[in-house]
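Enquirer: In terms of the UniProt record's numbering, the sequence shown has 162 at position 162, counting the first letter as 1, and numbering is strictly consecutive.
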Amino acid sequence: MGCGTGGQTLTLAKSLKGEIIAVDLFEEFLEELNERQRGEMLTAQIRTLSASMDKLPFKKNEFDIIWSEGAVYNIGFKNGISYWKEFLKPGGILAVSELSWTTNNRPKELEDFWNGEYSEMDTIAGKIKVLEEAGYKVLGHFILSDECWLDNYYNPLLDAHKDFMEDFRQDEMAKMIVERDRQEVNFYMQYKDYYSYGFYLAQKI
């Protein structure tokens, strides 16, 4: 869910067998994924589908696994995991990453920033409770490393800003978007001991 250009999709397709349906709202991301998979040595078949994560055209109890990295926040964690559960077979697995506090106490400046950005920000224990209340058995979780944030997200994001601002240098909205992204990067570098993405593995009961 929310596969983007398919980095994780290709990794899974090299390790698993069967069919993977890569879902994203944006056609251009899926087109890039289709280009990227050509010539790859894959053990699973990838099919792309343009759809919203909260309006899916699937049958109930259809999937063995639903996998989503850094995307469920778009429809809300509680709403997303509850909605996706109906598409999992009994005993099916949900693998999902979600922004999570890694400490019980945080600087007020940091808490105010993330409360304004994402109202469902919570501790790891809080996220596990939400999963259990939605009808999942939590099998495990781990915290993503600094490299996942910097190498796979923030550094490419900052690099992309250069070309973006070349095209939209006079656009005030573009300037606001870039400034907001830079603020988020600065907050992470300053306060990364307090939060990260948690990756949660849960089974439909």
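By construction, the Cβ of each residue, glycine as well, lies at the ideal position given by its N, Cα and C atoms.
(1) In the DSSP assignment, find the beta strand (DSSP E) that holds L94 and state where it starts and stops.
(2) What residue range does the beta strand (DSSP E) around residue 233 cover?
(3) State buried or exposed for F142, treating a residue as buried only when at least 16 other CB atoms are found within 10 Å of its CB.
(4) Since I93 and I65 are thought to touch, with beta carbons under 8 Å apart, how far apart are those beta carbons, to the nearest angstrom?
(5) Mind reading off the beta-carbon distance from D181 to L157? Whole number of angstroms is fine, and I expect it under 8 Å.
(6) Would you identify the three-state DSSP class for S82, choosing helix, strand or coil?
(7) Is DSSP giving V36 helix, strand or coil here?
(8) In the DSSP assignment, find the unbroken beta strand (DSSP E) run with G140 in it and report its ends.
(9) Mapping DSSP to helix, strand and coil, what is I205?
(10) Compare the Cα-Cα distances from P57 to each of K175, F87, E32 and G91 and report the closest residue.
(11) Tell me whether S196 is buried or exposed, calling it buried when 16 or more other Cβ atoms sit within 10 Å of its Cβ.
(12) Between the Cα of L144 and those of R38, E32, T103 and S97, spot the shortest distance and give me the residue it belongs to.
(13) In angstroms with no decimal places, state the Cα-to-Cα distance between residue 215 and N155.
(14) Quick check: the stretch 197-204 against the stretch 117-136, are there 3 or more CB pairs under 8 Å?
Expert: Based on what the coordinates show:
(1) To locate residue 94, count along the sequence shown from 1; it is residue 94. Per DSSP, L94 belongs to the beta strand (DSSP E) from L88 to W101.
(2) Since the first and last residues shown for the chain are 1 and 205, residue 233 lies out of range.
(3) Sequence index remark: in the sequence shown, residue 142 carries index 142 (1-based). Under this definition F142 is an exposed residue.
(4) Walking along the sequence shown from the start, residue 93 turns up at place 93. Walking along the sequence shown from the start, residue 65 turns up at place 65. 5 Å between Cβ atoms; contact.
(5) As a first step, residue 181 is located in the sequence shown; it is residue number 181 there, counting from the start. As a first step, residue 157 is located in the sequence shown; it is residue number 157 there, counting from the start. Indeed they touch by this definition, with Cβ atoms about 6 Å apart.
(6) As a first step, residue 82 must be located in the sequence shown, where it is residue number 82. If DSSP states are grouped into helix, strand and coil, S82 belongs with the helices.
(7) In the sequence shown, the residue the question calls residue 36 occupies position 36. Reading off the sequence, residue 36 comes out as Arg, not Val. Helix at R36.
(8) Here residue 140 refers to the residue found at position 140 of the sequence shown. That run of the beta strand (DSSP E) goes Y136 to I143.
(9) Along the sequence shown, one-based indexing puts residue 205 at 205. Three-state result, I205: coil.
(10) On the sequence shown, position 57 is the one that residue 57 refers to. The candidate whose alpha carbon is nearest that of P57 is F87.
(11) Taking the first residue of the sequence shown as position 1, residue 196 is located at position 196. Buried is the call here.
(12) The residue labelled residue 144 in the question sits at position 144 within the sequence shown. Residue S97 is the option with its Cα nearest to L144.
(13) Given that the chain is displayed from residue 1 to residue 205, the structure contains no residue 215 and the question cannot be resolved.
(14) yes
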